[in-house]
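Have a look at the structure below, then the notes.
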């Protein structure tokens, strides 16, 4: 299946392992990822927080490129990119005046806004039967906490592919690959998102609540589908551990890494070595390693 | 609290014009603020913005930094029982704050937004090392995270070379066109 691919900035830098694992599993799942040629940043939170038209226009340029390159569907693994592209598409569809302004702003009068936007979770959920068929016993019985965060399913009128308050898609994927999703309370809460640099205290507070809740539910890893969630829970886990005196490490896996491990793809092809919190306990099927509060450098103000 | 409804200047009307959202639809049940992850750090919470907009209390809104603490996680809007959209309203208020040069944004947050947008303007994509360097200069937090840079580099998470897209001129034209609608920098 040919599908347009919008990696976004994070997948080329801080979340390279999300890109690597996405590409690694694509072959096994018969996905032909076609990267949008010359894509630009979606504007993320900074554009929509400061200039609404800019936010829609930056996303629209990418949708227009996809349309010109005959990509009917675009999949954005990053939850923030997905949210921005899908929101822009939906707003343009609803508002003909905005639609005209956007075509002028991006200098593309022929743009028809015809491209469908998909999240990686929706895509993998739809592929669950194939995933189940190809799964090895590698992750059998591994308890995982599926973490949706904020941007994957909201606003519900834009996303619409799962219940925004009681979703099940990530759990479906986890079950298909042989893992065991736990029931827990924080899967829809925000991790602090774009405040990773500018408001570390808030990120530590929110991240700690999420990690503690996953631990309480006996999860051995948290599964995410967003570079910001990953960064705030993996990289910032060191600051969380220091300040909140965590006595354990909680591995944070991208959903594509979980699927890759279950398909039997080696960890180095999935970028597991790029994490700050080791994933050995997941890969080797061991109990989470008990450590002193993390002393590795970094993640602190 | 005095009500001052003037179609031109009334804050509620301005919000309707900018977003199509009518703040009068809010009946102050507080569900938005109950689910807001940042509420405990905000003086004005999502339902307060709706109420103050209803009563045209612009000064109370624009002198306070709370709007900049909104993460746009959209929990408020997803859960509103009357289909109001506080997240969209807060975005519009931030844009208005910039136009008014309200100067109510915490330095770190405006430093982040301005640095982030500068990267897009320069390269068409975000160059993380450039973003971090500019953020430090703007926020004056020079020492923040310096000890994590080696870990980031070792894991291949930061590239030394920015990727400039071919269509960078298009991006700059988009910025120019959109800035003519709003204002340049977050104050």
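Residue numbers (our numbering), protein chains in the order written: chain A, 1 to 301; chain B, 302 to 488. Ideal placement from N, C-alpha and C gives every residue a C-beta, glycine not left out.
Taking the C-alpha atoms as reference points, what is the distance between residue i and residue j?
| i | j | result |
| --- | --- | --- |
| residue 173(A) | residue 356(B) | 48 Å |
| residue 34(A) | residue 3(A) | 6 Å |
| residue 107(A) | residue 480(B) | 16 Å |
| residue 202(A) | residue 407(B) | 14 Å |
| residue 187(A) | residue 162(A) | 14 Å |
| residue 113(A) | residue 319(B) | 22 Å |
| residue 105(A) | residue 316(B) | 23 Å |
| residue 450(B) | residue 264(A) | 32 Å |
| residue 353(B) | residue 314(B) | 13 Å |
| residue 94(A) | residue 84(A) | 15 Å |
| residue 235(A) | residue 402(B) | 35 Å |
| residue 134(A) | residue 176(A) | 9 Å |
| residue 458(B) | residue 226(A) | 15 Å |
| residue 90(A) | residue 157(A) | 9 Å |
| residue 192(A) | residue 433(B) | 18 Å |
| residue 218(A) | residue 439(B) | 42 Å |
| residue 138(A) | residue 148(A) | 23 Å |
| residue 394(B) | residue 369(B) | 10 Å |
| residue 37(A) | residue 70(A) | 11 Å |
| residue 47(A) | residue 476(B) | 10 Å |
| residue 250(A) | residue 204(A) | 14 Å |
| residue 5(A) | residue 212(A) | 34 Å |
| residue 184(A) | residue 145(A) | 7 Å |
Can you tell me whether DSSP reads residue i as helix, strand or coil?
| i | result |
| --- | --- |
| residue 32(A) | strand |
| residue 364(B) | coil |
| residue 427(B) | coil |
| residue 181(A) | strand |
| residue 73(A) | strand |
| residue 118(A) | strand |
| residue 401(B) | coil |
| residue 101(A) | helix |
| residue 176(A) | helix |
| residue 109(A) | coil |
| residue 158(A) | helix |
| residue 342(B) | helix |
| residue 232(A) | helix |
| residue 280(A) | helix |
| residue 241(A) | helix |
| residue 165(A) | coil |
| residue 297(A) | Unreliable positioning characterises residue 297(A) in this predicted model, as indicated by a pLDDT of 45, which lies under 50. The coordinate reading is nonetheless provided below. Correct three-state label for residue 297(A): coil. |
| residue 357(B) | coil |
| residue 211(A) | helix |
| residue 264(A) | coil |
| residue 227(A) | helix |
| residue 418(B) | helix |
| residue 455(B) | helix |
| residue 257(B) | Here chain B has residues from 302 to 488 only, and residue 257(B) is not among them. |
| residue 376(B) | helix |
| residue 482(B) | helix |
| residue 275(A) | coil |
| residue 351(B) | helix |
| residue 386(B) | coil |
| residue 444(B) | coil |
| residue 369(B) | helix |
| residue 44(A) | helix |
Which partner residues of residue i appear in the DSSP bridge assignment?
| i | result |
| --- | --- |
| residue 222(A) | 145(A) and 252(A) |
For the beta strand (DSSP E) containing residue i, name the first residue and the last one.
| i | result |
| --- | --- |
| residue 4(A) | 2-5 |
Return the first residue and the last residue of the alpha helix (DSSP H) that residue i is part of.
| i | result |
| --- | --- |
| residue 83(A) | 79-94 |
| residue 466(B) | Run containing residue 466(B): none; DSSP gives neither H nor E here. |
| residue 316(A) | Residue 316(A) falls outside the range modelled here, since chain A spans only 1 to 301, and no answer is possible. |
| residue 153(A) | Where residue 153(A) is concerned, there is no enclosing alpha helix (DSSP H), given that its DSSP letter is neither H nor E. |
| residue 53(A) | 52-68 |
| residue 324(B) | Residue 324(B) -> no alpha helix (DSSP H), and no H or E assigned at all. |
| residue 196(A) | First-last for residue 196(A): undefined, no H or E at that position. |
| residue 136(A) | Here residue 136(A) belongs to no alpha helix (DSSP H), and DSSP marks it neither H nor E. |
| residue 336(B) | 332-336 |
(request) Could you list the residues in the segment 3-25 of chain A with a C-beta less than 9 Å from some C-beta on chain B, going in chain order? (result) 8, 9, 10, 12, 13, 14, 15, 16 and 17
(request) May I ask you to list, following chain order, the residues of the segment 41-66 of chain A that have a beta carbon less than 8 Å from some beta carbon of chain B? (result) 41, 43, 44, 45, 46, 47, 48, 49, 50, 51, 52, 53, 54, 57, 58 and 61
(request) Give the residues from the segment 451-470 of chain B that approach chain A closer than 8 Å (Cβ to any Cβ), ordered along the chain. (result) Interface annotation for the segment 451-470 of chain B against chain A: 451, 452, 453, 456, 457, 458, 459, 460, 464, 466, 467 and 468, criterion Cβ-Cβ distance under 8 Å.
(request) Please list the residues of the segment 323-341 of chain B that have a C-beta atom closer than 8 Å to any C-beta atom in chain A, keeping them in chain order. (result) 338 and 339
(message) By the 8 Å beta-carbon criterion, what residues does the segment 389-403 of chain B contribute toward chain A?
(response) 392, 393, 395, 396 and 399
(message) Taking beta-carbon pairs under 7 Å, can you tell me which members of the segment 358-379 of chain B lie near chain A?
(response) 372, 373, 374, 375, 376, 378 and 379
(request) With 8 Å as the limit, tell me which residues of the segment 102-136 of chain A have their beta carbon closer than that to any beta carbon of chain B; keep them in chain order. (result) 104, 105, 106 and 107
(request) Taking only beta carbons into account, state which residues of the segment 154-165 of chain A come closer than 7 Å to chain B, listed in chain order. (result) Of all residues in the segment 154-165 of chain A, the ones placed with a Cβ closer than 7 Å to any Cβ belonging to chain B are 154, 155, 156 and 164, in chain order.
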